[in-house]
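**Student:** Pasting a structure below so you can have a look.
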Amino acid sequence: MGSDALDALKQRAVHEAGRIAEALVFASSEPVAEKLIGSKLPEGTSVRDVMTRLAESYASRGINLVRIGDAWAFRTAADLGFLIRQDETEVKKLSRAGLEVLATIAYHQPVTRAEIEDVRGVATSKGTLDVLLETGWVRMRGRRRSPGRPVTYGTTMAFLDHFGLEDLRDLPGMDELKGAGLLSGKVPSNFQPPLLPSGDELTEDEDPITQMDLEELGLLTPMGEAED
Numbered sequence: 011m012g013s014d015a016l017d018a019l020k021q022r023a024v025h026e027a028g029r030i031a032e033a034l035v036f037a038s039s040e041p042v043a044e045k046l047i048g049s050k051l052p053e054g055t056s057v058r059d060v061m062t063r064l065a066e067s068y069a070s071r072g073i074n075l076v077r078i079g080d081a082w083a084f085r086t087a088a089d090l091g092f093l094i095r096q097d098e099t100e101v102k103k104l105s106r107a108g109l110e111v112l113a114t115i116a117y118h119q120p121v122t123r124a125e126i127e128d129v130r131g132v133a134t135s136k137g138t139l140d141v142l143l144e145t146g147w148v149r150m151r152g153r154r155r156s157p158g159r160p161v162t163y164g165t166t167m168a169f170l171d172h173f174g175l176e177d178l179r180d181l182p183g184m185d186e187l188k189g190a191g192l193l194s195g196k197v198p199s200n201f202q203p204p205l206l207p208s209g210d211e212l213t214e215d216e217d218p219i220t221q222m223d224l225e226e227l228g229l230l231t232p233m234g235e236a237e238d
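Going by the numbering used here, the letters in the sequence shown line up with residues 11 to 238, in that order.
Here's what the structure looks like:
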């Protein structure tokens, strides 16, 4: 087989892989994990290369293909978002305390309630955390391997999706957060958030939350059924 014919076959395979990936993401209402996309593509195909190429083809269109963590989704182009938001039901705004707690969790995860209070310098009500959990932007990650085994909190893929972030390391800097009113003036001027990992795996000092933990936290009944 000549080199031209071989190149043509390779291009055809790349094109077909792009079509498969495009169909998978288009058909899903939620971001599609790269691992799932890869399982549907021919063996040996570079998922990231396929998705990057596909994203480039959508870059100038009204709908963009965006990476959210280790997943991909179609989203309205950023400069056209105002057209969609005009027809959306307005979501109840978070309180100032809610915004501060969300920012603290985002920049310090995994973080416990006590650690959130240390950063903010004020008590954090359970109601504030409950609201953030209900939004789907915050989740219980695990339990810290320390006395009392406090619950650790972190953000979710829905958080990245809502704020248009590919990765936690794309979070805005401290000056931008203060300018947006997401952090109070009580934060020391020399404070810098820690470098965050790209994944959401448990750290060495965290244990996974078990069914027994959920029952203890009141999130499951003793029979193992989730509370409403």
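Every residue, glycine too, gets a C-beta built ideally from N, C-alpha and C. In this text, all values refer to a predicted model and were calculated from it rather than measured experimentally.
1) How is T122 classed by DSSP in three states: helix, strand or coil?
2) Considering Cα atoms alone, identify which of Q21, E125, T220 and R106 is closest to G164.
3) Suppose the cutoff is 7 Å on Cβ atoms and the five residues either side in sequence are ignored; what does the same chain contact list for E127 look like?
4) Would A43 pass as a contact of L64 if the rule is Cβ separation under 9 Å?
5) In angstroms, rounded to a whole number, what distance separates the CA positions of T166 and L19?
6) What did DSSP end up calling D217 once you bin it into helix, strand or coil?
7) Got a sec, what are the start and stop residues for the beta strand (DSSP E) R155 sits in?
8) Taking the alpha carbon of L170 as the reference point, which residue from V161, T145 and R159 has its own alpha carbon closest?
9) Do the region 215-228 and the region 138-158 touch if we need at least three Cβ pairs shorter than 8 Å?
10) Might you give, ordered along the chain, the residues of its own chain that have their beta carbon closer than 8 Å to the beta carbon of V24, omitting 5 neighbours on each side?
11) Compute the Euclidean distance between the alpha carbons of D223 and G48, then round it to the nearest angstrom.
12) If you draw a straight line from the C-alpha of Q119 to the C-alpha of A88, how long is it?
13) V129 and F141 - do their beta-carbons sit closer together than 9 Å?
14) Give the secondary structure of F169 by DSSP, where H, G and I count as helix, E and B as strand, and everything else as coil.
15) Whole angstroms is fine: what's the gap from E98's alpha carbon to F84's?
16) Could you tell me which uninterrupted beta strand (DSSP E) segments, each at least 3 residues in length, are contained entirely in the region 39-102, listed from first to last along the chain?
17) With distance defined between alpha-carbon atoms, name the residue in T114, P41, R22 and T138 nearest to K103.
**Tutor:** According to the data block:
1) strand
2) E125
3) A133 and T134
4) no
5) 40 Å
6) strand
7) Unbroken run through R155: none, as it is neither H nor E.
8) T145
9) yes
10) V60 and R63
11) 34 Å
12) 27 Å
13) The sequence shown places Val at residue 141, rather than the Phe named in the question. Cβ distance not < 9 Å, so V141 and V129 don't count as in contact.
14) helix
15) Residue confidence is low: E98 scores 47 on pLDDT, short of 50, so the model does not pin down where it sits. No coordinate-derived value is stated.
16) 73-78 and 81-86
17) T138
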